[in-house]
Amino acid sequence: MEEEKILDSNLNQTQTKHARLSFLLFLWTLGFMGISFLLTLIPESWIDQLQDSIKALLFGIPVLVVLITSFGGLRNAILSIRKKETWGFYKIVGLLGALIIFTTIVLLIVSNVFDVVNTLSPNE
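Under the working numbering, the first residue of the sequence shown is numbered 4, with each subsequent residue one higher.
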């Protein structure tokens, strides 16, 4: 009799694990985007003194982390939809935020690749 109550009580609780994780990863993404924007405020005279590899790491790592966290947020938002978690603030904001940021970054990477290909191709 006690075991049935425990099993039934688990069904009544709404699950929002993936929705909350998607929202949390969206907040992390916004934080690292803020760090990326703050790095652009560093004066050029200071940046010119750094080695090229340090410059690449300084500006590349936050962008890579933004891509990873936005992909993770999008993945968890999709899992939240597949597991039929209840629709709420966390789920909607996590899904829309991760979708917009991930799509934007992928489009920026694609446009950068096309730009490099056009630059390297011989002009006729």
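Ideal placement from N, C-alpha and C gives every residue a C-beta, glycine not left out. All of these numbers come straight from a predicted model, not from anything done at the bench.
Outcome for residue i when other beta-carbon atoms lying within 10 angstroms are tallied against a minimum of 16
i, result
"L98", "buried"
"V69", "buried"
"L111", "exposed"
"L60", "exposed"
"L24", "buried"
"I103", "exposed"
"D118", "exposed"
"N15", "Bear in mind that the predicted position of N15 carries a pLDDT of just 49, short of 50, making it unreliable; the figure below should be weighed with that in mind. Classification for N15: exposed."
Proximity below 8 Å, CB of residue i to CB of residue j
i, j, result
"K94", "A80", "yes"
"F29", "A101", "yes"
"L33", "F62", "no"
Residue i - containing alpha helix (DSSP H), residue span
i, result
"E88", "From DSSP, E88 is part of no alpha helix (DSSP H); its letter is neither H nor E."
"S25", "20 to 42"
"I45", "Element bounds for I45: n/a, residue is neither H nor E."
Distance between beta carbons of residue j and residue i, contact taken as under 8 Å
i, j, result
"A22", "G76", "At roughly 10 Å, the Cβ-Cβ gap does not stay under 8 Å, so A22 and G76 are not in contact."
"T89", "T19", "7 Å"
"I38", "P65", "5 Å"
Spatially closest choice to residue i from the options, by CA coordinates
i, options, result
"L27", "S48, R78, E47, I50", "R78"
"F74", "F40, N121, F117, F105", "F105"
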